[in-house]
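**Q**
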Amino acid sequence: MARRGGVLELAVLGLLHEAPMHGYELRKRLNARFGWGRALSYGSLYPCLKSLLARDCVSEDSSATDVGDRTSTGTAARRRARIVYRLTPAGEQLLTELLAEGGPSAWDDDNFGVRLAFFARTDAAVRLRILEGRRRRLEERLDRTRAQLHRTQERLDTYAVELQRHGVESVEREVHWLSDLIASERVGRPAAKELPDRPEPADRHADDHHPEDRHPEQRHTQDH
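Numbering of the sequence shown is given in UniProt numbering, commencing with residue 1 and proceeding in unit increments.
What follows is the structure, given as structure tokens:
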């Protein structure tokens with residue numbers, strides 16, 4: 001995830017704008033939406049949160065939750081703090097600035113999917129710039145891949161050629177898909193939605209038994 005530091009920050013800000021959440025829930029939603037899986041460890045997420053906290057882009061709210069067995073009187077045997085992360089006004093401003101960027105970095109493989117996920121809150125002109133830039137990037141890749149296939153197919157076995165051909169076809173499909181999106185943008189998509197008010201979490205005590213939700217400085221990072 002080292003190369004994804006900037007895009008991870010955008011993804012975190014975007015999801016926290018939708019709702020405040022615990023670290024465990026945030027990681028789960030990041031993986032569900034962007035498919036990062038094992039590439040997104042707590043060793044990547046918590047340094048990102050710590051950086052956002054230091055810049056006052058995110059705040060944290062500690063809430064005590066019951067953990068363990070209950071005593072005969074019905075009181076919890078012990079309690080520990082859970083951390084809820086929330087977007088601040090500074091974080092909203094940073095999110096707005098990041099969504100307004102439409103330069104070459106937005107077209108990269110690592111960044112494009114995250115940018116697309118937040119297109120509903122991105123200005124139409126920026127959306128079109130990103131889509132057109134991504135298509136140009138892939139058309140250049142397609143030219144290189146086709147040329148490589150032409151040069152090597154006589155020297156490779158059938159399976160190696162099929163693998164290269166599959167790569168060409170995959171890029172071709174994405175170029176066609178991007179062309180359809182660009183055509184739709186040009187005829188007029190709805191304007192970017194204004195950022196709505198952020199809801200409170202539905203259940204602040206859900207998933208109470210996840211030790212990952214301690215303060216970042218309380219964790220001993222093992223997984224980078």
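Ideal placement from N, C-alpha and C gives every residue a C-beta, glycine not left out.
Remember, predicted model here, so these are calculated numbers, not experimental data.
Quick one: using the 10 Å Cβ neighbour count with 16 as the cut-off for buried, is residue 106 buried or exposed?
**A** Buried, by the Cβ-count rule.
**Q** From residue 130 to residue 148, what does the alpha carbon distance come to, in whole angstroms?
**A** Near 27 Å, if we compare the C-alpha coordinates of residue 148 and residue 130.
**Q** Which whole-angstrom value is the C-beta distance of residue 114 and residue 20, which I expect to be below 8 Å?
**A** The Cβ separation is near 20 Å, so there is no contact.
**Q** In this structure, does DSSP put residue 154 in helix, strand or coil?
**A** Coil, per DSSP.
**Q** Which same chain residues end up closer than 8 Å to residue 153 when comparing Cβ atoms and leaving out the 5 residues on each side of it in sequence?
**A** Within the same chain, residue 153 has close Cβ partners 161, 164.
**Q** To the nearest angstrom, how far is it from the Cα of residue 124 to the Cα of residue 17?
**A** Each residue's alpha carbon lies about 20 Å from the other.
**Q** Please name the residue, chosen from 132, 140, 54, that lies closest to residue 185 on a Cα-to-Cα basis.
**A** When only C-alpha atoms are compared, the closest one is 132.
**Q** Tell me the rounded alpha-carbon separation between residue 34 and residue 157.
**A** Going from the Cα of residue 34 to the Cα of residue 157 covers about 35 Å.
**Q** Tell me the rounded alpha-carbon separation between residue 99 and residue 145.
**A** When rounded, the distance between both Cα atoms is 31 Å.
**Q** Any Cβ of chain B within less than 8 Å of the Cβ of residue 163?
**A** Note that chain B does not occur in the displayed structure, where there is just one protein chain.
**Q** What are the boundary residues of the alpha helix (DSSP H) that includes residue 104?
**A** Neither: residue 104 is in no alpha helix (DSSP H) and is coded neither H nor E.
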